Structures are given as C-alpha cells and as structure tokens.
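Before any comments, here is the structure.
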Amino acid sequence: MTDVSQTRHVPDRLNSRAARLFKSWEALLLAVAIAIFIINSFASPYFLNAWNLSDATFNFTEKAMIAFAMALLIISGEIDLSVASIIALASTAMGLAVQYGAGTPELVIIGLCVGLLCGAFNAVFVTILGLPSIVVTIGTMSLFRGISYIILGDDAFRGYPASFAWFGQGYIYWVFTVEMLFFVVIAVIYGVLLHKTNFGRAVYAIGNNPTGALFSGIRVQRVKFILFLLTGLMSGVAAICLTSRLGSTRPSIATGMELEVVTMVVLGGVNILGGSGTIPGVVIAAFVMGLVTFGLGLLNVPGIVMSIFIGLLLIGVIALPRLWAMFAQRRRA
Amino acid sequence: MKRMIPLREMILGGAILVLLVLVASRFAGFVAPGNLANVFNDTAPLIILALGQMVVILTRCIDLSVAANLALTGMVAAMINVAMPGLPIVVILMISILLGAAMGAINGVLVWKLSIPPIVVTLGTMTIFRGIIFLISDGKWVNSHEMSAAFTGFPRAVFLGLPVLSWVAIVTVVIFGIMMARTPFGRAIFAVGGNPHAAVYTGINVGKTQFWAFVVSGALAGLTGYLWVARYAVAYVDIAGGFELEVVAACVIGGISIAGGVGSVGGAVLGALFLGVVKNALPVVNISPFWQLAISGSAILIAVAFNARAGRTKGRIILKSAEVPQ
C-alpha cells in the first residue's frame with residue numbers, strides 16, 4: 522500500500538524448480554515443524570508415544586478441515602469469520618433433532634445442511650448484495666451464535682446416539698482416528714481442487730485481479746458463492762466431528778475458533794490480502810499449530826499461555842522474512 | 002441543516018428514538034431521565050472504544066486487540082493499586098493511558114514498518130495480550146476488597162449529576178469531534194483512508210498516520226481498561242472477552258465504512274448508543290438477554306446493507322480518486 526515508489530528487481534530467468542522449492546514458504550514452515558518436533562521429543566519423555574501423538578491430532582483436525590476451505594476463500598480475497606458460529610448453530614440444530622429422536626444419518630444430514638445454509642446466507646450478502654465479507658461475517662458471527670443462544674440459553678443438549686460417537690471418537694486402524702481420515706481426504710480434495718482444476722485457477726485469478734478475472738470470462742460472483750458454500754459445508758463437517766467428540770452441545774461451543782482457523786491459514790503462507798497460497802502450506806501449518814499446543818501441553822503450560830506462542834508464531838513467521846528482506850536491502854544499498 | 006446532520010446519522014438517531022418509544026410503550030420508566038443516564042453510563046466504555054476503533058478503521062485498518070488491551074491495562078492498574086494503595090488516581094490514569102498507547106504502538110509499528118496486514122497483527126497481539134494477563138496475574142482475580150476505595154470510587158463519583166465515567170465519554174467525544182474536523186491529523190486520517198496514493202502525493206505519510214491511529218486506539222483502550230476494572234471492581238483474565246467485535250459492530254452500525262475513509266464521530270457514538278439501548282432494553286421488555294447477540298448481529302447486517310445503498314453519495318471523502326468509482 523505504501524511502497525508506491527519502490528521499483529522491483531526483475532530477474533532474467535526463474536530459479537530452478539528445486540531452488541524455488543527449497544526457498545519456498547512451505548520449506549521454511551516444514552523446517553519449523555521438524556524443529557518443534559525435535560525440541561518436543563527432548564523436552565518431554567511422553568512426546569514420542571503413538572497414542573499421545575494420536576490424541577494430539579484432535580488439536581488441529583477439526584480446525585484444519587475448515588482451514589482448507591477458508592484458504593480458498595482467503596485466496597479469492599474474501600474471508601469468513603462466522604465459521605465458529607456456524608459450528609455452534611449446526612451443533613445446536615443437531616442437538617435439537619436428537620430431542621425429537623433423530624438417528625445418526627439424520628444428524629449428519631442436518632449438520633451438513635445447516636452448514637450449507639449458513640454458507641449460502643453469507644454468500645447472498647457478499648456476492649448478490651456486494652457487501653464486504655469481513656463485515657457481513659462479523660454480523661453473521663453474532664447472528665448464528667445468537668440463534669444458538671436463543672434456542673439453548675444456558676442449557677445444553679446431550680443424549681447423542683452411541684453410533685454418532687464414531688465421527689469424533691472412532692478409530693480406523695490402530696492409532697489412526699476417523700478425524701485423521703477426514704483430514705487427509707479433505708486435504709487431498711482441496712489440494713486437487715485448488716492446484717489441478719480450472720476452478721482453482723479461477724480462485725487465484727479472482728484473488729489477484731477480480732476485474733481482470735471478470736474480463737477473462739470467469740464468473741467471479743458464482744465462484745465466490747461456491748467458496749462460501751464450501752466453507753459453510755466444512756464448518757458443518759467440523760460441527761459433526763466436534764459435537765461427536767464432546768458428546769454435548771452448548772451455545773458457547775467452539776468460541777474463538779474462527780481466529781485459530783485464520784491463524785492456521787495465514788501461517789500456511791496464504792496471503793491475507795488474497796492471490797497466493799497453497800494447500801500443502803496449510804497442512805504443514807496445521808501440524809505446526811498442533812505440535813506447539815501438544816508439546817506445551819505436555820510441559821504443563823496452560824492453554825492461555827500457549828495462545829501467546831500461537832500469536833507470536835503468527836506475527837513472527839510473517840515479520841521475520843520481511844525483516845530479513847529489509848536488512849538485505851539495506852546491506853545492498 | 003442537511004450538511005450539519007448527515008442523513009445516515011439522522012436515520013440511525015431516528016431508529017434509536019423509535020426503539021426508545023417502543024420500549025417506553027411497554028415500560029414507561031425506561032425513558033425516565035435517570036434511567037437514560039444509566040443507559041448512557043453503561044454504554045460509555047463502548048462509546049470511548051468505538052471512537053478509537055473509528056480512527057483505525059478510517060485509515061483502512063482494523064484493531065481487534067482493543068478488548069485484550071483493555072483487559073491487560075485493567076489488570077495492571079488493579080495490581081498497581083493492590084501493591085501501592087496510596088498512589089493517586091491521576092497517576093494510575095496516566096499509567097493506563099500510556100500502557101494502552103504503548104500496546105497500540107506495537108500494533109502500529111508492525112503495520113507501519115513491516116507492512117503486515119492489520120487484521121493479522123491485531124489477531125496476533127490480541128491473543129498475546131490475553132496470555133500476558135494470565136502470566137502476570139497467575140490466573141488469579143483481583144477482587145474489590147483488595148482495591149482501594151479511591152480506585153473503585155473514581156468512575157462512579159458523581160459530578161454535575163453524571164458519573165465521572167459518563168463525563169470521560171462526553172469529553173472524549175468532544176475532543177474527537179474537534180480532532181477529526183479541525184486538525185491536520187484528523188484530515189490526514191480521512192485522506193489516508195479515502196485514497197492512500199493521493200495522500201502520499203499531498204505529503205501525508207500513510208504508514209505513520211496508521212501508526213498514530215493505532216496509538217490513539219490503544220490509549221483509549223488503556224483508559225477504558227482502568228475505568229472498566231474500577232467500575233466493576235474486579236479484574237481477571239477474561240474481562241471484556243469478545244468486546245472487540247461489539248466495538249467493530251458499533252462502528253459498522255454507525256456507518257463507518259470498513260473500506261476506510263468514510264465515517265463520522267456522530268455515527269460511531271450513535272452506533273454505540275444503539276447497541277447500548279438494545280442491551281439495556283431487553284430485560285425491561287421481558288425478552289431473554291440471550292436474544293441480544295442475534296439482535297446485534299442482525300443490526301450489523303441491516304446497517305451494512307443500508308450503508309452500501311446510501312454509500313453512492315459519498316460524504317466525507319476528501320482527495321477523491323481520479324477514476325470514478327463504480
């Protein structure tokens with residue numbers, strides 16, 4: 522915004538593919554992840570235990586499911602701050618259905634449909650009425666959770682069917698949880714969608730230049746509408762997993778999760794202003810956040826102090842490369 | 002007359018009046034002057050914070066760390082009071098404002114010097130500030146019996162019929178009214194938000210203006226931090242949790258464009274008052290307070306949809322961009 526007068530150094534040719542990969546954000550992040558892993562294994566004797574590590578994945582699987590869809594949304598230049606509230610509303614709807622004797626299949630359908638509806642609600646305001654997504658989703662963030670509060674008050678829904686516990690508490694094989702399976706499948710789907718399809722190219726194009734994208738024949742509003750639907754749907758999936766794991770619904774469920782999801786996406790190298798970012802980056806960022814919280818947890822660090830590390834991580838990983846570039850420039854001058 | 006009170010503020014003011022009439026038809030005592038003064042006093046922290054947020058949003062930034070800043074400053078003020086009960090309130094006020102401004106300066110430097118997007122910076126500092134409260138307080142509460150009488154009494158002391166807390170809000174509104182309309186800093190804020198490129202060519206340092214906007218917002222959060230803790234006579238980690246969104250909501254309802262450059266002091270104050278009236282009216286008309294969140298969410302959506310329509314005749318953009326905006 523401010524660097525109006527700066528001229529950019531344009532190289533004659535691109536670096537080799539290996540060199541680019543080595544210098545990429547994902548490589549830096551992977552190094553951070555490995556470093557945290559090694560530090561953790563030295564810091565606590567309980568870290569390198571398959572069951573403990575399996576438990577640790579719950580720290581990030583649900584958030585990461587939303588983060589993949591959110592990554593696409595942020596790359597396209599929009600944002601959805603209402604995801605945690607969609608979880609609350611979807612969970613409340615499922616809890617309400619349980620009171621009327623709904624079984625597991627109905628609960629899943631209800632969870633997904635509420636997610637889709639909420640996504641569509643956001644999408645209508647942003648794409649059809651043309652309003653800024655940050656304001657709209659701050660509004661729906663209050664609205665969706667507000668509806669949960671109206672339905673539940675300070676009460677809670679319990680009594681989910683036993684088979685419903687499979688999503689959040691089930692294991693596929695040995696230490697591999699159902700949520701991990703979801704995480705991997707969703708990561709692959711979104712990776713392919715973003716990096717290998719026309720739709721993915723359109724998302725990048727819209728994020729870099731919406732007007733240019735429109736003139737090159739991309740249905741900008743339709744793509745954005747679909748992205749909001751996908752984010753809503755993923756929030757529905759996360760709501761099913763989280764509700765199943767906790768076994769109860771309170772209106773305060775998943776409070777503040779939207780910020781952790783955005784942190785994960787930004788940590789994964791997605792430009793908050795849109796236009797760039799990758800799914801592998803978000804995957805590694807999910808592991809980094811999971812490892813940090815889990816490692817600190819083993820060292821008896823309280824959750825709120827962990828959030829200091831997450832905050833420092835968020836600012837640090839963005840600030841350090843910029844500081845580095847500033848110093849490099851000063852040395853050259 | 003039309004120029005002095007813009008349409009948007011008139012409609013919002015009208016909405017508040019309609020709301021008051023509706024509530025009064027169910028319970029006449031709500032509009033008694035004494036009760037309205039109470040409502041205003043209850044909304045005072047929101048008004049003060051909304052003004053700080055307004056300045057930040059006008060420069061195309063956003064400050065999500067205000068509530069955490071408030072809570073941290075409040076905790077520090079309370080702990081200082083416990084450690085040194087004899088310290089005059091003026092000193093505590095100064096410390097609170099300076100500490101808040103320092104935290105705002107951290108946000109500002111990261112936005113100015115490293116050009117990190119404000120939403121990322123303040124998301125980060127929000128969690129960091131909250132964490133620091135836990136570190137310094139060890140998760141313990143500072144309760145009213147540990148605070149000195151002068152400390153808790155200051156915001157409640159009645160002066161010319163109104164509590165000091167209300168007077169602080171009124172003085173802040175007056176100062177901001179003058180600052181935004183009559184000083185180079187106020188003009189620079191509108192210019193930076195309206196068109197940053199043009200602002201550079203008129204000799205305004207965009208990054209520096211954004212930095213000072215964050216300092217102002219931080220200082221007000223610090224001031225509110227002491228007032229909040231003293232008024233409720235308790236300090237703990239989670240005070241004012243989620244309040245940053247209510248502050249942003251007040252600004253949005255007040256017609257301050259999240260895209261920067263458009264907004265007014267009157268709008269921010271009315272936006273805050275609207276939320277304050279809703280909050281205080283719900284229990285009176287026998288609606289469960291659990292409705293409040295959904296109502297303020299709907300109010301944001303309605304306000305932003307309305308403002309987008311009204312936004313075609315843009316009010317206060319000085320330094321218009323060369324091409325006609327669509």
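As given, the protein sequences belong to chains A and B, one line each in that order.
Quick note on the numbering used here: the first sequence kicks off at 522 and runs consecutively.
Quick note on the numbering used here: the second sequence kicks off at 2 and runs consecutively.
Positions of the beta carbon are idealized from the N, C-alpha and C atoms, including for glycine.
None of the values given here were measured: they were computed from a predicted structure.
So for residue i, helix, strand or coil by DSSP?
i: B:L163; result: strand
i: A:A623; result: coil
i: A:A708; result: helix
i: A:V822; result: coil
i: B:T60; result: coil
i: B:V286; result: coil
i: A:V741; result: helix
i: B:V270; result: helix
i: A:T770; result: strand
i: B:M148; result: coil
i: B:G14; result: helix
i: B:A251; result: helix
i: B:D43; result: helix
i: B:N281; result: helix
i: A:T776; result: coil
i: A:V629; result: helix
i: B:M85; result: coil
i: B:A241; result: coil
i: A:A846; result: helix
i: B:A33; result: coil
i: B:S299; result: helix
Quick one: Cα of residue i to Cα of residue j, how far?
i: A:G691; j: A:F665; result: 29 Å
i: B:A273; j: A:K717; result: 47 Å
i: A:F589; j: B:N39; result: 47 Å
i: A:G837; j: B:L20; result: 47 Å
i: B:I259; j: A:V656; result: 7 Å
i: A:L549; j: B:S167; result: 51 Å
i: B:I288; j: B:A192; result: 44 Å
i: B:I319; j: B:T128; result: Annotation note: pLDDT 46 at B:I319 (below 50); position unreliable, no value reported.
i: B:M2; j: A:A760; result: Its pLDDT being 43, under 50, B:M2 is placed unreliably in this model, and the value from its coordinates should be taken loosely. Computed Cα separation, rounded: 52 Å.
i: A:I747; j: A:V706; result: 19 Å
i: A:P772; j: A:T658; result: 18 Å
i: B:A295; j: A:I671; result: 8 Å
i: B:G226; j: A:A554; result: 37 Å
i: A:I596; j: A:I800; result: 11 Å
i: A:A552; j: A:G660; result: 38 Å
i: B:A151; j: B:V67; result: 26 Å
i: B:I133; j: A:V741; result: 43 Å
i: A:E583; j: A:F646; result: 26 Å
i: A:L574; j: B:V32; result: 60 Å
Report the neighbours of residue i on chain B: residues whose CB is nearer than 7 Å to its CB, in chain order.
i: A:V826; result: G132, F135 and L136
i: A:V787; result: V121
i: A:V822; result: Those within 7 Å of A:V822 in chain B number zero; the least Cβ separation is about 10 Å.
Residue i versus chain A: which residues are under 7 Å apart at the beta carbon?
i: B:S297; result: S663
i: B:P118; result: I793 and L794
Can the beta-carbon of residue i be found less than 7 Å from the beta-carbon of residue j?
i: B:G53; j: B:V216; result: no
i: B:G264; j: B:I254; result: no
i: A:L628; j: A:M615; result: yes
i: A:G798; j: A:A592; result: yes
i: A:T578; j: A:M701; result: yes
i: B:V56; j: B:G178; result: no
i: B:T123; j: B:D64; result: yes
i: A:T770; j: A:F685; result: no
i: B:F155; j: B:A231; result: yes
i: A:G728; j: A:G598; result: yes
i: B:G14; j: B:W113; result: no
Please compile the residues from chain B whose C-beta is within a distance smaller than 9 Å of the C-beta of residue i.
i: A:F815; result: By Cβ distance, chain B contributes nothing, its closest Cβ being about 17 Å from A:F815, past 9 Å.
i: A:F646; result: L302, V305 and A306
i: A:G667; result: F291, W292, Q293, L294, A295, I296, S297, G298 and S299
What does residue i touch in chain B if you count any residue whose Cβ is under 8 Å from its own?
i: A:T613; result: Going along chain B, no residue has its Cβ under 8 Å from A:T613, so there is no contact; the nearest lies around 12 Å.
i: A:I596; result: Those do not exist, as A:I596 stays about 14 Å from chain B at its closest Cβ, beyond 8 Å.
Could you list which residues in chain A have their beta carbon closer than 9 Å to that of residue i, in chain order?
i: B:S289; result: Y670, I671 and G674
i: B:V253; result: V656, I659 and G660
i: B:A260; result: P653
Counting only Cβ pairs nearer than 8 Å, list the residues of chain A close to residue i.
i: B:G194; result: Those within 8 Å of B:G194 in chain A number zero; the least Cβ separation is about 11 Å.
- request: Just list the beta strand (DSSP E) runs in the segment 180-237 of chain B, keeping only unbroken ones of 3 residues or longer that don't cross its boundaries, in chain order.
  value: Counting only runs of 3 or more residues that sit fully inside the segment 180-237 of chain B, no beta strand (DSSP E) segment turns up.
- request: Pick out the complete alpha helix (DSSP H) segments inside the segment 650-733 of chain A, 4 residues or longer, and give them in chain order.
  value: 654-673, 687-690, 699-717 and 719-729
query: Can you give, in chain order, each stretch of the alpha helix (DSSP H) that sits fully within the segment 795-843 of chain A and has at least 4 residues?
result: 800-819
- request: Write down every uninterrupted run of the alpha helix (DSSP H) in the segment 116-145 of chain B whose length is 4 residues or greater and which is fully enclosed by it, in chain order.
  value: 119-138
- request: Please list the segments of the alpha helix (DSSP H) lying wholly inside the segment 549-598 of chain A, counting only runs of 4 or more residues, in order along the chain.
  value: 571-577 and 582-596
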